[in-house]
Amino acid sequence: MYNFLLSLLIKDMQAFYKQLGLVNTHNLFAKASQGGYAIPAFNFNNLEQLQAIISAAVKTSSPVILQVSAGARKYANQTLLRYLAEGAVAYAKELGKNIPIVLHLDHGDSLELVRSCVESGFSSVMIDGSHLDYEANVALTKSVVEYAKLYDVSVEGELGILAGVEDEVSSKTHTYTEPDQVEDFVKRTEVNSLAIAIGTSHGAFKFKPGTNPEIRMDILTEIAKRIPHFPIVLHGSSSIPHQYVDQINEYGGKLENAIGIPEDQLRLAAKSAVCKINIDSDGRLAMTAAIRKVLATSPAEFDPRKYLGPARDALEELYIHKIINVLGSNNQA
Ligand SMILES: [Zn+2]
11 MYNFLLSLLI KDMQAFYKQL GLVNTHNLFA KASQGGYAIP AFNFNNLEQL QAIISAAVKT
71 SSPVILQVSA GARKYANQTL LRYLAEGAVA YAKELGKNIP IVLHLDHGDS LELVRSCVES
131 GFSSVMIDGS HLDYEANVAL TKSVVEYAKL YDVSVEGELG ILAGVEDEVS SKTHTYTEPD
191 QVEDFVKRTE VNSLAIAIGT SHGAFKFKPG TNPEIRMDIL TEIAKRIPHF PIVLHGSSSI
251 PHQYVDQINE YGGKLENAIG IPEDQLRLAA KSAVCKINID SDGRLAMTAA IRKVLATSPA
311 EFDPRKYLGP ARDALEELYI HKIINVLGSN NQA
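Each residue of the sequence shown is one higher than the last, beginning at 11 in our numbering.
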């Protein structure tokens with residue numbers, strides 16, 4: 011009787027994110043892997059970011075991953091975020107396009123957090139055990155996959171450590187993913203995608219001035235050989251466009267030595283085994299640049315819509331550029 015009730019409950023829960031109109035990443039990654047492009051994963055914390063993401067994805071006919079970190083849940087409130095995501099699906103339809111939308115937890119660090127996200131409608135989660143030793147990472151990731159499978163939620167794991175700072179995740183050092191470990195990790199954990207460390211880095215200050223930012227395509231190729239057609243994820247993949255940094259500094263900001271990953275390298279990665287590219291810092295820069303300009307040039311302005319509106323427009327323009335010129339996911343919805 012207990013088992014029967016439990017199975018009914020699970021059946022009901024399985025439909026949860028699907029009831030919101032969201033999808034998991036399984037089909038999206040299979041198509042991206044075949045088609046030689048990557049799905050954009052844009053982080054959001056507020057209304058304007060979400061509007062810009064959905065509008066850009068609809069205009070380019072691209073599938074999209076709405077990415078939420080633990081920090082974003084704290085900032086925006088988890089209940090509001092869940093309804094924002096549901097609203098995003100309806101908003102896309104209203105704009106005239108039924109694009110596939112994923113709601114994904116970025117850098118989950120425990121089964122408890124994953125559980126809370128799945129129960130509030132997430133269709134995909136990342137479990138980041140990359141700071142643990144290898145066996146502990148395998149065990150944690152495996153436990154999350156076993157749980158997520160019950161609800162048809164997809165799981166991203168991580169091997170290797172990215173340097174840099176992203177919300178609560180930070181590391182001073184960088185450890186490249188060991189190609190010899192990926193096959194064993196994927197087999198034992200049964201994850202659906204794998205984030206790797208090949209030289210990308212979290213935040214806006216990825217590299218020392220004067221150094222040449224470079225993705226280790228040789229490691230990526232080696233990894234793809236060990237796990238053919240397996241979806242690979244790149245974190246820390248913002249390009250830190252100069253125009254935003256310059257505009258921020260021109261209007262009173264002080265960002266020194268901000269350096270990112272060149273977009274042509276990301277384009278190459280998207281054409282290979284990489285199926286998902288995370289973009290967060292570039293959006294933060296675009297927004298800040300637009301807001302600074304309005305506040306500096308119209309000092310009497312105090313209507314938030316007058317600076318958040320232009321920030322939203324700048325974000326949308328950035329996302330459209332990324333989708334078409336970096337990810338290549340346009341017309342794949
Ligand atoms: Zn990350």
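Note that the Cβ used here is the ideal one computed from N, Cα and C, for glycine as well.
Counting every other CB atom within 10 Å of its CB across the protein chains shown gives Arg315 a total below 16, marking it as exposed. When secondary structure is reduced to three states using DSSP, Thr35 falls in the coil class, being assigned neither helix nor strand.
Scanning its chain for C-beta atoms nearer than 8 Å, with the 5 sequence neighbours on each side dropped, one finds around His117 the residues Ser79, Ala80, Met136, Asp138, Glu176, Asp177, Glu178 and Val179, in chain order. In this structure, His245 has its CB closer than 7 Å to one or more heavy atoms of ligand 1. Nearest to Phe217 by C-alpha distance, out of Glu311, Ile229, Lys182 and Arg198, is Lys182. Taken in chain order, the whole beta strand (DSSP E) runs of length 3 or more contained in the segment 161-186 are 164-169, 174-176 and 179-181. Put simply, the segment 52-61 does not touch the segment 140-158. Fewer than three CB pairs are less than 8 Å apart. Between the segment 112-129 and the segment 67-87, the count of Cβ pairs shorter than 8 Å is three or higher; the stretches touch.
Phe312 sits exposed, since fewer than 16 C-beta atoms from the chains shown fall within 10 Å of its C-beta. Tyr254 sits away from Ala306, with the two beta carbons spaced by 8 Å or more. Shown here for Gly270: same chain residues with a beta carbon closer than 6 Å to its own, the five before and five after excluded, namely Lys216, Ser248, Ser249 and Ile250 in chain order. Just so you know, the alpha carbons of Asp256 and His239 end up roughly 40 Å apart. Glu166 and Ala42 have their C-alpha atoms some 16 Å from each other. In the structure shown, the three-state DSSP call for Phe195 is helix. The distance from the Cβ of Asn288 to that of Ala51 is about 5 Å, consistent with a contact at the 8 Å cut-off. Boundaries of the beta strand (DSSP E) harbouring Pro50: Ile49 to Asn53, taken from the DSSP string. Between Leu94 and Leu121 the beta-carbon gap is near 25 Å, outside 8 Å, which marks them as no contact. Note on the segment 68-114: whole beta strand (DSSP E) runs with a minimum of 3 residues are 74-79, in chain order. Restricting attention to Asp162, Leu244, Leu91 and Asp228, the CA atom closest to the CA of Thr210 is found in Leu244.
In the three-state reduction of the DSSP assignment, Lys216 falls in the coil class. Nearest to Gly263 by C-alpha distance, out of Pro223, Glu327, Thr298 and Glu129, is Thr298. Among the bridge pairs identified by DSSP, Asp116 is matched with Ser79. Cβ-Cβ separation between Thr187 and Ile233: approximately 6 Å, consistent with a contact (criterion under 8 Å).
With respect to Thr35, Asn340 sits apart: the two C-beta atoms are not nearer than 8 Å. The residue from His184, Ser164 and Phe195 with its alpha-carbon nearest to that of Ala149 is Phe195. Distance between Gln29 and His184, taken at the CA atoms: about 40 Å. Selection Tyr329, Gly213, Ser164 and Thr151 evaluated against Ala268 yields Gly213 as nearest (Cα-Cα).
Using a cutoff of 7 Å, the CB of Val179 counts as near ligand 1, since one of the ligand's heavy atoms is closer than that.
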